[in-house]
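A.B. asks: Residue numbers (the working numbering), protein chains in the order written: chain A, 1012 to 1325; chain B, -7 to 460.
Where is the CB? At the ideal position from N, CA and C, for every residue including glycine.
As the structure is a prediction and not an experimental result, all values here were calculated from the model.
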Amino acid sequence: MWLYIGKRLISGVITIWFIATATFAGMHMVPGDPLLNDKAVTPEIRANLERAYGLDKPVFQQYLLFLKNMSQGDFGISFTQQNRRVNDIIAEHFPVSAMLGVLALLFAAGGGILWGALTALNRDRMPDHLIMFMVIICVSVPSFVFAALGQLAILRLNNLLGVSVLPVAGWGTFSHMIVPALVLGLGTMAYLTRLMRSSMLEVADTDYIRTARAKGLTPARIFFRHQLRNAILPVVTVLGPAIAAITTGGFVVELVFAIPGLGRYFVQAVQQLDYTVIMGTTVFYGAFLVLMVIAVDIVYGFVDPRIQVSKSVG
Amino acid sequence: MNSYTPTAADFEPLQEGIDAEQIHRPSVSYWQDVWRRLKKNRRASVSLYIVIGLMLFTLAGPLIWQVDPALQDLEQISQAPNTGRWALVIADDAPLPEITSRRLATPALIPEDRAPQNFRLTGSANSEGVNLAWDAVPGATGYQLFRHELEPRDADDLGLPLVRLLSTQLSYRDRLGLETRQYYYSAVAVFAEGESRNYSTIPVSVTQALLLSEARYRGLVAEDATDAEAIGSKVRLESHPLGTDYLGRDMLARLMWGARTSLFIGIIAPLLYVSIGLVYGGLAGYSGGRTDDVMMRFADFVIALPFLLFMILFKIAFGLGPGESGIGPLLLALVILSWPATARLVRGQVLQIREEAYIAAARMMGASAPYLVLRHMLPNLMGVLLVSLTFAIPTAIFIEAFLSFIGMGVVPPTPSWGSMCNDGIRTMLSHPHELMFPAMMISITVLAFNLLGDGLRDAMDARMRSDG
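(1) Say whether the region 39 to 47 of chain B touches the region 437 to 456 of chain B, bearing in mind that this needs 3 or more beta-carbon pairs closer than 8 angstroms, one atom from each stretch.
(2) Three-state secondary structure (DSSP) at K32(B)?
(3) Following the continuous beta strand (DSSP E) through T(-3)(B), name the residue where it begins and the one where it ends.
(4) Ignoring anything shorter than 3 residues or poking outside the region 1228 to 1278 of chain A, list the beta strand (DSSP E) runs there in chain order.
(5) Are T1034(A) and T1293(A) close, meaning C-beta to C-beta below 7 angstroms?
(6) For the beta strand (DSSP E) containing P153(B), name the first residue and the last one.
(7) Determine, using beta-carbon pairs with one atom in the region 278 to 289 of chain B and one in the region 335 to 352 of chain B, whether at least three such pairs fall under 8 angstroms.
(8) To the nearest angstrom, how far is the alpha carbon of F138(B) from that of I194(B)?
(9) Might you give, ordered along the chain, the residues of its own chain that have their beta carbon closer than 7 angstroms to the beta carbon of T1026(A), omitting 5 neighbours on each side?
(10) Under 7 angstroms between the Cβ atoms of G318(B) and V402(B)?
(11) Pull up the distance between the alpha-carbon of W126(B) and that of R156(B), whole angstroms please.
(12) Please state whether DSSP places D1216(A) in a helix, a strand or coil.
(13) By the three-class DSSP mapping on this structure, what secondary structure does W126(B) have?
(14) Buried or exposed for T1184(A), going by 16 or more other Cβ atoms inside 10 Å?
(15) Would you kindly work out how many angstroms separate the C-alpha atoms of L1166(A) and A1158(A), rounded to a whole number?
(16) Going by DSSP, what residue range makes up the beta strand (DSSP E) through Y238(B)?
(17) Among the residues of its own chain, which have a CB less than 6 angstroms from the CB of L212(B), if the five just before and after it don't count?
(18) Per DSSP, W232(B) forms a beta bridge with which residues?
(19) Taking the straight line between their C-alpha atoms, what separation do you get for Y350(B) and A359(B)?
(20) Any beta carbon from chain A within less than 7 angstroms of M470(B)'s own beta carbon?
(21) Using a C-beta to C-beta distance shorter than 8 angstroms, which residues of chain A count as neighbours of M400(B)?
(22) Beta carbon of P1245(A), beta carbon of L1203(A): below 7 angstroms?
(23) Please state if the CB of G1161(A) and the CB of V1326(A) are separated by a distance shorter than 7 angstroms.
(24) Compare the C-beta of I434(B) against all C-beta atoms of chain A and say whether one is closer than 7 angstroms.
(25) Mind pulling the chain A residues with CB within less than 7 angstroms of F306(B)?
(26) Residue range of the alpha helix (DSSP H) that F310(B) falls in?
(27) CB P262(B) to CB I391(B), shorter than 7 angstroms?
(28) With a CB to CB cut of under 6 angstroms and the five nearest residues on each side skipped, what residues in its chain are close to F1277(A)?
(29) Pairing CB atoms from the region 1218 to 1234 of chain A with CB atoms from the region 1139 to 1156 of chain A, are three or more of them under 8 angstroms?
(30) Alpha carbon to alpha carbon, how far is T419(B) from A100(B)? Give it in angstroms, no decimals.
(31) Do S1108(A) and L1273(A) come within 7 angstroms of each other at the CB atom, strictly closer than that value?
(32) Please confirm whether A100(B) has its beta-carbon closer than 7 angstroms to some beta-carbon of chain A.
(33) Would you call V1070(A) buried or exposed, if buried means 16 or more other Cβ atoms sit within 10 Å of its Cβ?
(34) Look at the Cβ atom of F49(B), then the Cβ atom of M243(B), and state whether they are nearer than 7 angstroms.
(35) Counting pairs of beta carbons, one from the region 424 to 438 of chain B and one from the region 339 to 347 of chain B, are three or more of them closer than 8 angstroms?
(36) With 9 angstroms as the limit, tell me which residues of the region 1258 to 1271 of chain A have their beta carbon closer than that to any beta carbon of chain B; keep them in chain order.
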């Protein structure tokens, strides 16, 4: 097991290096000048600025410096916000995105398991058709439409009740988070519902369920002890990609609901060609996702003792 | 159970010429069978019709509905769907009826904290202007006008502050983005201490009007009609079956041209990256061994890149010249980031097919490598490829819409469904049609391709072939 974790971590580090290199290469292909300003800049000031950001060195040295700083967890200083370190920007905005993401994930996983189990129990009956219809709608409608509709719904609700039950936009209290998290988790929830349904149906046909039924166990006990526990496993495996989908999907929700998260900040940085912020954010997100996928795989090994990850993968 | 009593006829020998053993379904090839089962799947065939309809809408639509999607009609901004609205032609130089109070000779006039009396409409209220007038309030230093779309509830709910006027001005013409609807105008007197809490409100229904010169320019008035004849006549404005957007551009035309952008990216990008994935994955799987390891490890790296961030990064990295639509960079970024999924799929399939007995047999009979690949491997891969292509199309459409929505996709003025949604979301509350139509187009397209993919997958599943 430890060998497996070690191997995964090493390949994870290589992956992060690849992400960093690709980011660096991409960033240096971008046309435009980050130091170009509205104000006239004298050649001396420009030279000083270039030195401060290390832009006067050859590209390869810049790359090495970038890798060295990054390996020490230092992403440099923002181009557009003077004297603001990228680390501080990430430290300030990432918790917001993470909070939103965790809530959305909880909602998506909980909802997906619940609805998936419900459809499987009512196979080919009304609840099944209804929920699967909703799932298809959720998969087909873009998230920004849901975000807009969510905002509209809050507005109508507040108008109807005459008091502000939920804030329309912004960030701060728990009530700010509910609707954005629901909207953010919706797509993933639909996907997990589908997965859970097919997994439940598959488990329902197995021998051990039939044995349990033959033993005379109560339906509730069969459902909770045997069917549900086994059916959840495939859902756990896709949690890694689901986290990725939710963290990056946060862009739109953050934009529509005016949430000061990292996604919104990234879009802003791209528009302003803020080199260091773009590179820092991308590498940070990439590393975060790689580690999440590894973590989910390791957790999976603990959740399902039948699977020996070290043998099957390593 | 029904009991069956055999009769003597049952024991007669069969007559010659009766083909009792005939198979009632003609023997068909695999693809014919897939097509037959796809047609039997109602959801999939409806989706297929929708996809064909979308293609027609995209390709033939602009030929039938020949409206320029970039044409801005400032007389018809944010109009709901209509079939040509009527407008009253009015004279160009409708003068502003200037009403001013006499200069207040005696400043010692005692201020009376009350709302402006006799707040009224002077002349007609139309989309070219609403003329308002009121009586002076003694002691007021000025007047503040408001406009609201709903009836004001109290002094804090008067709506949009239009203008603050001096005490000598007792009339005003409002021309600020007027729409043909009901407005509530409120007037408040301003004193040295600030605005009064008393207000007077009048409801005003604005009608559509068109200046004479504008009507002549558009050719809506007969050439030989004199000014006197033309003024007061009713003309019909251009019809907009799906309404107009915030710049008065025709929504139907924009949806059609936007469909070209969205479907172009949605179909070309998957075609490109599925082909690249096919070649890459095929090579890796066919070579096997160390080459396979290295190639697939590289594919794994590309998969690990955070997709949307790199999409944005690459899109700006590939640059954008002046006047470009941004479709090229978007396409390129999408292809670069998306091929590994197909490559993985194809490699898995090739590894499996390679071990099949019929490959060994063909090889034993001296088949060359190109023959093996083209005659045996490719046809067996087609099914998987077609299904993954069908599912890749809605994903690509989604990504285009998503990027255009956050302003990182297709550059305006090129219409795309995503950027239309982005425009529409700003006016969502007052003009929901601007968001609804493009959002519906995206949803229907994605839904149709998803259901078609489901149907195709089921139809190609050999395990389900036995059904009648």
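C.D. replies: Taking the definition as stated:
(1) Enough Cβ pairs lie closer than 8 angstroms, so yes.
(2) Taking the second sequence and counting its residues from 1, the one referred to as residue 32(B) is at position 40. In the structure shown, the three-state DSSP call for K32(B) is helix.
(3) As a working mapping, residue -3(B) is identified with position 5 in the second sequence. Where T(-3)(B) is concerned, there is no enclosing beta strand (DSSP E), because DSSP gives it neither an H nor an E.
(4) Those beta strand (DSSP E) runs which fall completely within the region 1228 to 1278 of chain A and span 3+ residues do not exist here.
(5) Sequence index remark: in the first sequence, residue 1034(A) carries index 23 (1-based). Sequence index remark: in the first sequence, residue 1293(A) carries index 282 (1-based). Yes, the Cβ-Cβ distance between T1034(A) and T1293(A) is below 7 angstroms.
(6) The residue given as residue 153(B) occupies position 161 in the second sequence. L152 to L158 is the extent of the beta strand (DSSP E) around P153(B).
(7) Below 8 angstroms, enough C-beta pairs join the region 278 to 289 of chain B and the region 335 to 352 of chain B to call them touching: three or more.
(8) Within the second sequence, residue 138(B) is the residue found at index 146, counting from 1. Within the second sequence, residue 194(B) is the residue found at index 202, counting from 1. Spanning the two alpha carbons is a distance of roughly 11 angstroms.
(9) The residue you call residue 1026(A) lines up with position 15 of the first sequence. The beta carbon of T1026(A) sits closer than 7 angstroms to the beta carbons of V1301 from its chain, once the five residues preceding and following it are set aside; these are given in chain order.
(10) Taking the first residue of the second sequence as 1, we reach residue 318(B) at position 326. Taking the first residue of the second sequence as 1, we reach residue 402(B) at position 410. Taking 7 angstroms as the cut-off, the beta carbon of G318(B) is found closer than this to the beta carbon of V402(B).
(11) The count along the second sequence starts at 1 and reaches residue 126(B) at position 134. The count along the second sequence starts at 1 and reaches residue 156(B) at position 164. Each residue's alpha carbon lies about 14 angstroms from the other.
(12) By 1-based counting over the first sequence, the position of residue 1216(A) is 205. Secondary structure at D1216(A): coil, using DSSP grouped into helix, strand and coil.
(13) In the second sequence, counting from the first residue as 1, residue 126(B) sits at position 134. Assigned with DSSP and collapsed to three states, W126(B) falls in coil, not helix or strand.
(14) Here residue 1184(A) refers to the residue found at position 173 of the first sequence. Counting Cβ neighbours within 10 Å, T1184(A) comes out exposed, since fewer than 16 surround it.
(15) The sequence position of residue 1166(A) within the first sequence is 155, counting from 1. The sequence position of residue 1158(A) within the first sequence is 147, counting from 1. Taken atom to atom, the span from the alpha-carbon of L1166(A) to that of A1158(A) is near 12 angstroms.
(16) Along the second sequence, one-based indexing puts residue 238(B) at 246. In the DSSP annotation of this structure, Y238(B) is not part of any beta strand (DSSP E), being labelled neither H nor E.
(17) The residue labelled residue 212(B) in the question sits at position 220 within the second sequence. Counting only Cβ-Cβ distances below 6 angstroms, and skipping sequence neighbours, we find V227.
(18) Your numbering for residue 232(B) matches position 240 in the second sequence. According to the sequence as given, residue 232(B) is His; it is not Trp. For H232(B), which the question treats as bridged, DSSP gives the partners N74(B).
(19) Locating residue 350(B) in the second sequence gives position 358, counting from the first residue. Locating residue 359(B) in the second sequence gives position 367, counting from the first residue. It is roughly 11 angstroms from the alpha-carbon of Y350(B) to the alpha-carbon of A359(B).
(20) Outside the shown range of chain B, which is -7 to 460, sits residue 470(B), and nothing can be said about it.
(21) In the second sequence, the residue the question calls residue 400(B) occupies position 408. Those are V1278 and V1281, listed as they occur along chain A.
(22) To locate residue 1245(A), count along the first sequence from 1; it is residue 234. To locate residue 1203(A), count along the first sequence from 1; it is residue 192. Not a contact, by the Cβ cut-off of 7 angstroms.
(23) Any question about residue 1326(A) goes unanswered here, given that chain A covers just 1012 to 1325.
(24) In the second sequence, counting from the first residue as 1, residue 434(B) sits at position 442. Output row for I434(B): interface = yes.
(25) Taking the first residue of the second sequence as 1, we reach residue 306(B) at position 314. Within chain A, the residues near F306(B) are G1037.
(26) As a first step, residue 310(B) is located in the second sequence; it is residue number 318 there, counting from the start. Neither: F310(B) is in no alpha helix (DSSP H) and is coded neither H nor E.
(27) Along the second sequence, read from residue 1 onward, the residue named residue 262(B) stands at position 270. Along the second sequence, read from residue 1 onward, the residue named residue 391(B) stands at position 399. In this structure, the beta-carbon distance from P262(B) to I391(B) does not fall below 7 angstroms.
(28) Position 266 of the first sequence holds residue 1277(A). The answer, listed in chain order, is T1292.
(29) With fewer than three CB-CB distances shorter than 8 angstroms, the region 1218 to 1234 of chain A does not count as touching the region 1139 to 1156 of chain A.
(30) As a working note, residue 100(B) is residue 108 in the second sequence. As a working note, residue 419(B) is residue 427 in the second sequence. A caution first: A100(B) carries a pLDDT of 47, below 50, which makes its placement in the model too unreliable to give a value.
(31) One-based indexing of the first sequence puts residue 1273(A) at position 262. One-based indexing of the first sequence puts residue 1108(A) at position 97. Taking 7 angstroms as the Cβ cut-off, L1273(A) and S1108(A) qualify as a contacting pair.
(32) Along the second sequence, one-based indexing puts residue 100(B) at 108. The pLDDT assigned to A100(B) is 47, lower than 50, so where the model puts this residue is not dependable; a value taken from the coordinates is nonetheless given after this. By this cut-off, A100(B) is not an interface position.
(33) The count along the first sequence starts at 1 and reaches residue 1070(A) at position 59. Per the 10 Å Cβ criterion, exposed.
(34) Numbered from its first residue, the second sequence carries residue 49(B) at position 57. Numbered from its first residue, the second sequence carries residue 243(B) at position 251. Taking the C-beta atoms as reference points, M243(B) is found no nearer than 7 angstroms to F49(B).
(35) Because the criterion of three Cβ pairs below 8 angstroms is not met, the region 424 to 438 of chain B and the region 339 to 347 of chain B do not touch.
(36) Taking 9 angstroms as the upper bound on Cβ-Cβ separation, chain B lies near residues T1258, T1259, G1260, F1262, V1263, L1266 and V1267 of the region 1258 to 1271 of chain A.
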